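Visitor: When we follow this note's numbering, the leftmost residue of the sequence shown carries the number 3, and every step to the right adds one. Ideal placement from N, C-alpha and C gives every residue a C-beta, glycine not left out. Predicted model, so just to flag it, every value in this text is computed and none were measured. Structure provided below as structure tokens; questions to follow.
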Amino acid sequence: MMSSKCNALFRLCSKLPSQISSSSAFSSSPRLNVIPFVIENEGRGERSYDIYSRLLKDRIVCLMTPIDDHVASAVVAQLLFLQSESGKKPIHMYINSPGGSVTAGLSIYDTMHLITAPIATWCIGQASSMGSLLLTAGEQGMRTALPNARIMVHQPSGGAQGTASDIIIQADEIQRLKHRLQEIYVHHTGQPYKVIQEALDRDRFMSAIEAKNFGLVDKVELHNGSIPAA
Numbered sequence: 003m004m005s006s007k008c009n010a011l012f013r014l015c016s017k018l019p020s021q022i023s024s025s026s027a028f029s030s031s032p033r034l035n036v037i038p039f040v041i042e043n044e045g046r047g048e049r050s051y052d053i054y055s056r057l058l059k060d061r062i063v064c065l066m067t068p069i070d071d072h073v074a075s076a077v078v079a080q081l082l083f084l085q086s087e088s089g090k091k092p093i094h095m096y097i098n099s100p101g102g103s104v105t106a107g108l109s110i111y112d113t114m115h116l117i118t119a120p121i122a123t124w125c126i127g128q129a130s131s132m133g134s135l136l137l138t139a140g141e142q143g144m145r146t147a148l149p150n151a152r153i154m155v156h157q158p159s160g161g162a163q164g165t166a167s168d169i170i171i172q173a174d175e176i177q178r179l180k181h182r183l184q185e186i187y188v189h190h191t192g193q194p195y196k197v198i199q200e201a202l203d204r205d206r207f208m209s210a211i212e213a214k215n216f217g218l219v220d221k222v223e224l225h226n227g228s229i230p231a232a
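Right, dumping it as structure tokens:
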């Protein structure tokens with residue numbers, strides 16, 4: 003397990019002021035603390051849920067923020083809870099994320115493949131960086147992008163500090179993570195390793211249709227009255 007010190011050194015965050023980015027340049031935005039509540043009639047009374055808890059009852063998990071350790075912990079906990087409820091019923095994960103920490107993202111990825119419940123992944127808005135990896139990690143045949151979704155893949159990046167020896171160690175670790183991410187994309191897309199290497203060398207943006215043709219998703223979901231995906 004990577005130590006907390008190394009985890010801090012190699013945190014590959016979405017673009018924020020003064021940080022080196024592993025995510026889209028359009029990802030910075032303030033987080034809203036207002037969470038809607040819904041009220042349902044239950045028996046003789048009413049019960050109030052925050053919207054995410056209510057969606058969780060229907061086995062829906064929302065990943066709508068940059069990915070850090072706190073977000074990953076919440077997503078992992080939800081997946082484990084839903085697995086305890088049923089290891090056969092599908093889970094639907096909706097993704098609109100610019101990406102973030104590689105180690106945090108991989109903790110979600112590993113949990114997705116630890117549990118037996120099939121996970122359908124949906125891209126709404128964007129799935130960039132680690133967001134795209136989690137999108138393509140869904141159950142084969144159950145990975146969907148909406149027509150105006152944007153998917154972006156690239157290699158990890160990080161800021162190294164310390165002595166020359168420490169920087170070399172950190173660079174080696176980033177290279178190891180880079181190769182591991184490439185192997186994961188190869189596995190889930192079916193693309194040759196060389197194609198994945200070239201695609202991840204720089205920011206590679208794809209439309210929903212392009213992501214389908216590349217193998218990141220299985221289908222593009224059209225909604226009523228929508229303009230066909232480009």
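#1: Using a 10 Å radius around the Cβ and a threshold of 16 neighbouring Cβ atoms, would you call residue 39 buried or exposed?
#2: Is the CB-CB distance between residue 191 and residue 146 below 8 Å?
#3: If you draw a straight line from the alpha carbon of residue 213 to that of residue 153, how long is it in whole angstroms?
#4: Can you say whether residue 128 is buried or exposed, counting buried as having 16 or more other CB atoms within 10 angstroms of its CB?
#5: Sort 65, 88, 85 by Cα distance to residue 97 and report the nearest one.
#6: Which residue's Cα is closest to the Cα of residue 203: 177, 100, 122?
#7: Just to confirm, are residue 179 and residue 78 a CB contact at a threshold of 8 Å?
#8: DSSP three-state call for residue 140: helix, strand or coil?
#9: Out of curiosity, what's the CA-to-CA distance linking residue 87 and residue 60?
#10: Is the number of C-beta pairs between the segment 107 to 119 and the segment 38 to 56 that are closer than 8 Å three or more?
#11: Let's test the definition: count the other Cβ atoms within 10 Å of the Cβ of residue 23 and tell me whether it reaches 16, buried, or not, exposed.
#12: Whole angstroms are fine: how far does the CA of residue 169 sit from the CA of residue 126?
#13: Let's test the definition: count the other Cβ atoms within 10 Å of the Cβ of residue 151 and tell me whether it reaches 16, buried, or not, exposed.
#14: May I ask you to list the residues that DSSP assigns as paired with residue 147?
Guide: Result, derived from the coordinates:
#1: For the purposes of this step, residue 39 is taken as residue 37 along the sequence shown, with counting starting at 1. Under this definition residue 39 is an exposed residue.
#2: Taking the first residue of the sequence shown as 1, we reach residue 191 at position 189. Taking the first residue of the sequence shown as 1, we reach residue 146 at position 144. Not a contact, by the Cβ cut-off of 8 Å.
#3: Translated into positions along the sequence shown, residue 213 becomes position 211. Translated into positions along the sequence shown, residue 153 becomes position 151. Going from the Cα of residue 213 to the Cα of residue 153 covers about 7 Å.
#4: For the purposes of this step, residue 128 is identified with residue 126 of the sequence shown, where counting begins at 1. Residue 128 should be labelled buried.
#5: By one-based count along the sequence shown, residue 97 stands at place 95. Ranking the options by Cα distance to residue 97, first place goes to 65.
#6: Position 201 of the sequence shown, counted from the first residue, corresponds to residue 203. With distances taken between Cα atoms, residue 203 lies closest to 177.
#7: To locate residue 179, count along the sequence shown from 1; it is residue 177. To locate residue 78, count along the sequence shown from 1; it is residue 76. Cβ distance not < 8 Å, so residue 179 and residue 78 don't count as in contact.
#8: The sequence position of residue 140 within the sequence shown is 138, counting from 1. The answer is coil: DSSP assigns residue 140 none of H, G, I, E or B.
#9: Start at 1 with the first residue of the sequence shown, and residue 87 comes out as number 85. Start at 1 with the first residue of the sequence shown, and residue 60 comes out as number 58. Between residue 87 and residue 60, the C-alpha separation is close to 11 Å.
#10: no
#11: For this step, residue 23 is matched to residue 21 along the sequence shown. Here the model assigns residue 23 a pLDDT of 35, short of 50, so the residue's position is not dependable and the matter cannot be decided.
#12: As a working note, residue 126 is residue 124 in the sequence shown. As a working note, residue 169 is residue 167 in the sequence shown. Whole-angstrom Cα-Cα distance: 38 Å.
#13: Residue 151 sits at position 149 when you count from the first residue of the sequence shown. Per the 10 Å Cβ criterion, buried.
#14: Along the sequence shown, read from residue 1 onward, the residue named residue 147 stands at position 145. Note: residue 147 sits in a beta bridge opposite 125, 222.
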